[in-house]
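Numbering (the working numbering), first residue to last: 8 to 315.
Notes follow the structure.
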């Protein structure tokens, strides 16, 4: 992706993110042609979830279910800060691991950023979500998809699946799954699991950038990546983007994951809307956000990411 296109996409994301801070009526008045059809589709999707296809900010077709894909469809992205962070960070030749890839938005984006010399590896355990992931990255030669969960051991694990339209909430963490969408029926399915250390050693590929979004199972993912995180003999330790969410009910797995990384000399950082970083003061819990963790030894190399 050219620098010009990066700047353009980042600018669009920042401009659209301002709409999140205004009410629906204001959004409707500002852009009725776009807002009204979306609101109608969103209402229908809460009654009957359905698939929809649309173009991403960079022009590639993407398919997902509504309502879980509402933000992709309306804004063109899900998390403004994480989208712009990857645009700033990921470069040609990088290896990007997308753990909890969902339908592949970040896999699609980083495929352009790593270019033909890089590689994206996308892990997604939910069978029906994985089919959408495969569809969305089809034709992207530098993306590999793995239909497995990632955790602290290999084997078979139970995944709690809320079904099409709500798969973004699927989790291997039973306690977390029980606190979400209490009025939504879920099923328990068995899926294969691997660890990042096992996958990396078997395939001789190691990430420069690691995104983890596993709905309360992040600590287990990190426990299965100790060789990669503690001392990566294959190269520099990766920059890690970690979802932190769930508020007080998810405080324990949040704290476990954060403390593990801090103890391994990773510097926790808040991510601004424009994708820049600032060293953060950690909270007791997070309702919904993503944090970046930078290996101490890479701070000078990545100084350009930080706000002056």
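Beta carbons are placed, not taken as given, at the ideal position from N, Cα and C, and that holds for glycine.
Handout entry: Same chain only: Cβ atoms within 7 Å of residue 97, ignoring 5 sequence neighbours per side
Key = 103, 117, 120, 121 and 216
Exercise for the section: Within 10 angstroms of the Cβ of residue 61, are there 16 or more other Cβ atoms? Answer buried if so, exposed if not. Expected result: exposed
Exercise for the section: With distances taken Cα to Cα, identify the nearest neighbour of residue 256 among 275, 56, 294 and 269. Expected result: 294
Practice task
Please determine, among 139, 268, 208 and 270, the residue with the shortest C-alpha to C-alpha distance to residue 240.
Solution key: 208
Problem - Contact belief for residue 9 with residue 281 at Cβ below 8 Å, rounded distance in angstroms - result: That pair is no contact at about 19 Å.
Problem - Cβ-based neighbour list, residue 361, same chain, cut-off 7 Å, excluding 5 preceding and 5 following - result: Since the displayed the chain opens at 8 and closes at 315, residue 361 lies outside it and no answer follows.
Problem - Own chain, CB closer than 6 Å to residue 56, minus 5 neighbours either side, in chain order - result: 72, 171 and 172
Handout entry: Outcome for residue 235 when other beta-carbon atoms lying within 10 angstroms are tallied against a minimum of 16
Key = buried
Problem - Outcome for residue 152 when other beta-carbon atoms lying within 10 angstroms are tallied against a minimum of 16 - result: buried
Exercise for the section: Taking residue 20 as the reference, give the member of 276, 166, 93 and 305 with the closest Cα. Expected result: 93
Problem - Exposure of residue 244, with buried meaning 16 or more beta-carbon neighbours within 10 Å - result: buried
Exercise for the section: Output the distance between the C-alpha atoms of residue 31 and residue 22, rounded to the nearest integer angstrom. Expected result: 16 Å
Problem - Extent of the continuous alpha helix (DSSP H) to which residue 80 belongs - result: 77 to 82
Practice task
Note down, in chain order, each residue of its chain lying with its Cβ closer than 8 Å to the Cβ of residue 24, except the 5 sequence neighbours on either side.
Solution key: 82, 87 and 280
Problem - Buried or exposed (CB count within 10 angstroms, at least 16 for buried), residue 5 - result: Past the boundaries of the shown model lies residue 5; the chain is included only from 8 to 315, so the question cannot be answered.
Practice task
Assess, as a yes-or-no matter, whether the stretch 40 to 54 is touched by the stretch 247 to 267 under the definition of 3 or more beta carbon pairs within less than 8 Å.
Solution key: no
Handout entry: Coarse secondary structure for residue 74, derived from DSSP in three states
Key = coil
Handout entry: Limits of the unbroken alpha helix (DSSP H) element including residue 284
Key = Counting along the chain, residue 284 falls outside any alpha helix (DSSP H), though it belongs to the beta strand (DSSP E) covering 284 to 286.
Handout entry: residue 169, buried or exposed, once every other Cβ within 10 Å from all chains shown has been counted against 16
Key = buried
Handout entry: DSSP state of residue 193 mapped onto helix, strand, coil
Key = coil
Practice task
Taking residue 109 and residue 175 to be in contact with their CB atoms under 8 Å, please state how far apart those CB atoms are, rounded to whole angstroms.
Solution key: 6 Å
Handout entry: residue 252: first and last residue of the uninterrupted beta strand (DSSP E) it sits in
Key = 246 to 252
Handout entry: Proximal residues to residue 224 (C-beta, below 6 Å), its chain only, five neighbours per side dropped
Key = 179 and 180
Exercise for the section: Could you check what DSSP says for residue 36 in three-state terms: helix, strand or coil? Expected result: helix
Problem - Unbroken alpha helix (DSSP H) run spanning residue 212, endpoints - result: Taken as a continuous stretch (DSSP letters only), residue 212 belongs to no alpha helix (DSSP H), as it is neither H nor E.
Practice task
For residue 113, I'd like the list of residues in its chain whose CB is within less than 7 Å of its CB, leaving aside the five on either flank, ordered along the chain.
Solution key: 93, 105 and 218
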